[in-house]
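Taken in order, these protein sequences are the chains called A and B.
Using the numbering used here, the letters of the first sequence correspond one by one to residues 5 to 296.
Using the numbering used here, the letters of the second sequence correspond one by one to residues 197 to 331.
Data block below; observations after.
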Amino acid sequence: MKISYYPGCTLKNNAKNFEDSTICSLNKLGIQVEELQRWNCCGTVFSLATDDLIHHVAPIRNLIRTKESDSDKVMTLCAMCFNTLKRANERVKSDAESLDKINNFMYKEKIKYEGDVKVLHLLELLRDEIKFEAIAQQVAKPLKGLKVANYYGCLLVRPKEIGIDDVENPTILETLTTVLGADPIDFPYKTECCAAYQTVDKPEIVAERTYHILTSAQSQGADVVTVSCPLCAFNLDHRQEKTIKQYPEFKNIPILYFTQLLAIALGCPEDTLRFDLHYVDPKPILKEKGLT
Amino acid sequence: MRINISKKNIKNPFIAKVEELSGQNLLACYQCGKCSAGCPAVSQMDILPNQIIRYAQLGFKDELLKSKSIWICASCFTCNARCPKGINIAEVIEVLRQILLRKREDHVKVEKLTDSEKGDVPPIAIVSNLRKFTS
Numbered sequence: 005m006k007i008s009y010y011p012g013c014t015l016k017n018n019a020k021n022f023e024d025s026t027i028c029s030l031n032k033l034g035i036q037v038e039e040l041q042r043w044n045c046c047g048t049v050f051s052l053a054t055d056d057l058i059h060h061v062a063p064i065r066n067l068i069r070t071k072e073s074d075s076d077k078v079m080t081l082c083a084m085c086f087n088t089l090k091r092a093n094e095r096v097k098s099d100a101e102s103l104d105k106i107n108n109f110m111y112k113e114k115i116k117y118e119g120d121v122k123v124l125h126l127l128e129l130l131r132d133e134i135k136f137e138a139i140a141q142q143v144a145k146p147l148k149g150l151k152v153a154n155y156y157g158c159l160l161v162r163p164k165e166i167g168i169d170d171v172e173n174p175t176i177l178e179t180l181t182t183v184l185g186a187d188p189i190d191f192p193y194k195t196e197c198c199a200a201y202q203t204v205d206k207p208e209i210v211a212e213r214t215y216h217i218l219t220s221a222q223s224q225g226a227d228v229v230t231v232s233c234p235l236c237a238f239n240l241d242h243r244q245e246k247t248i249k250q251y252p253e254f255k256n257i258p259i260l261y262f263t264q265l266l267a268i269a270l271g272c273p274e275d276t277l278r279f280d281l282h283y284v285d286p287k288p289i290l291k292e293k294g295l296t
Numbered sequence: 197m198r199i200n201i202s203k204k205n206i207k208n209p210f211i212a213k214v215e216e217l218s219g220q221n222l223l224a225c226y227q228c229g230k231c232s233a234g235c236p237a238v239s240q241m242d243i244l245p246n247q248i249i250r251y252a253q254l255g256f257k258d259e260l261l262k263s264k265s266i267w268i269c270a271s272c273f274t275c276n277a278r279c280p281k282g283i284n285i286a287e288v289i290e291v292l293r294q295i296l297l298r299k300r301e302d303h304v305k306v307e308k309l310t311d312s313e314k315g316d317v318p319p320i321a322i323v324s325n326l327r328k329f330t331s
């Protein structure tokens, strides 16, 4: 099976660990990943003002690129890209006038967009098309004894019209973690915002969120916390440096993309995990559990 | 604090604009407070999310536009998910930001960001921050 893939900006630098571990894992599962040609930034946030059509042009242009690659569906990894692409798609599907205006604006495009591309998150591909049972059969190195707190953040599950799982209590990552042989632990902060882009001009707010989210996971015995968004990853991992300054009693905990756990379990080589991009090194705990 | 409530402020042109640009019916709110109860950012806010809606119902334009809260909300959509009346509070807050940004009243001044503020964060952080906080 082939799947069209939209990476987005951060997957090509800070989140290369997310991309490399995903591509290796999908190859192990028999999926060929085809990156879209000439993709552009999705805008990162979906415009909420009713008249702000211009900011839907960028996501819709990527859906045209998907059609140009003879595909009717596109997979994303980043939760922000997923949310922006899918919401823009839903907006134009339910509003013919907006779609018409956006198409007219992009008059130089050879293909007219008709709302006919499906936006998928990798987790949906794993659950609905590859199936978790098939993944279970491919697990080469079960993640025995690793206690994993799965952090969903906001944009995979909200708003509920586009979310990939239950809006208040998603469990898709816990199911996947179990399939990989690890022990998922529940914690009450799994869908609480990390303060997102406030990290640029108000990092102290992010440090406060990071402190509460991570200490909650630690109080339930988590060894690692998984994420599915490069901005959550930055805030929960790299902002631990600031968190310790604000809360001296805070103890570091490694943050991993769920795809890095998938890659370890499926037997991908260590260079696809790119631990050099992490602030808190996940290797000591993985070594302790016999996983490196 | 003394507050003057007057009939002429309710449904004033500013509030009509907020309703139009957000696509929300503000008078549907009956002040249950679930939005504020679930908001992870209230500790940083001067006016709580349910108060933002109340102020909007009463036409308090100046209080809304000078509030710190509209720049604290990170559009996590927890309030929207929990509102029993189906009001999208995050959209209302976005529109309050937009009304200022469309007058070029940027919240983040790009030229004032330090090299470390710009350089240490991933591109996704910079793009989303500038999309939300600049015109």
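Even for Gly, the Cβ is constructed at its ideal location relative to N, Cα and C.
The segment 149 to 163 of chain A makes contact with the segment 189 to 206 of chain A; the number of CB pairs closer than 8 angstroms reaches 3 or more. Its chain contains V171 as the residues whose beta carbon lies nearer than 7 angstroms to that of R162 (chain A), once the 5 sequence neighbours on both sides are disregarded; these appear in chain order. Not a single C-beta of chain B is nearer than 9 angstroms to the C-beta of T80 (chain A).
The beta carbon of L235 (chain A) sits closer than 9 angstroms to some beta carbon of chain B. Residues of chain A whose Cβ lies closer than 7 angstroms to the Cβ of F210 (chain B) do not exist; the shortest such Cβ separation is about 15 angstroms. Just so you know, the alpha carbons of D227 (chain A) and P258 (chain A) end up roughly 8 angstroms apart. DSSP places E23 (chain A) in the uninterrupted alpha helix (DSSP H) bounded by 20 to 32. K164 (chain A) reaches chain B at A277, counting residues in chain order whose Cβ is nearer than 7 angstroms. Put simply, the CB of E301 (chain B) is far from chain A, with every gap to its CB atoms at 9 angstroms or more. Just so you know, the alpha carbons of I176 (chain A) and E133 (chain A) end up roughly 14 angstroms apart. For R213 (chain A), the chain B residues whose C-beta falls within less than 8 angstroms of its own C-beta are P236, listed in chain order.
Taking a C-beta distance under 9 angstroms as the contact criterion, L67 (chain A) and V78 (chain A) qualify as a contact pair. Neighbours of E39 (chain A) in chain B, taken as residues at a C-beta separation under 8 angstroms, are lacking, since the least C-beta distance is about 17 angstroms. No residue range can be given for S73 (chain A), since it is assigned to no alpha helix (DSSP H) and is classified by DSSP as neither H nor E. At a cut-off of 9 angstroms between beta-carbon atoms, N18 (chain A) makes contact with chain B.
D187 (chain A) is bridged by DSSP to A:K151.
Taking 9 angstroms as the threshold, the shortest C-beta distance from F279 (chain A) to chain B does not fall below it. Distance from the Cα of Y215 (chain A) is smallest, within the candidate group A:T70, A:A144, A:H242, A:N44, for A:H242. The beta strand (DSSP E) runs lying completely inside the segment 228 to 289 of chain A and spanning 3 residues or more are 228 to 231, 259 to 261, given in chain order.
Membership of Q36 (chain A) in the beta strand (DSSP E) is indicated by the continuous run 36 to 39. Between A233 (chain B) and chain A, the shortest Cβ-Cβ separation is not below 9 angstroms.
Within the segment 279 to 291 of chain B, contact with chain A at the beta-carbon level (separation under 7 angstroms) is assigned to A286, E287, E290, V291.
Using beta-carbon distances, A321 (chain B) counts as an interface residue toward chain A, with a partner under 9 angstroms. Burial check for C231 (chain B): the Cβ neighbour count within 10 Å reaches 16 or more, so the residue is buried. Rounded to whole angstroms, L147 (chain A) and P188 (chain A) show a C-alpha spacing of 11 angstroms. Here H125 (chain A) carries a strand assignment [DSSP, helix/strand/coil]. Taking CB atoms only, L52 (chain A) has a neighbour in chain B less than 9 angstroms away.
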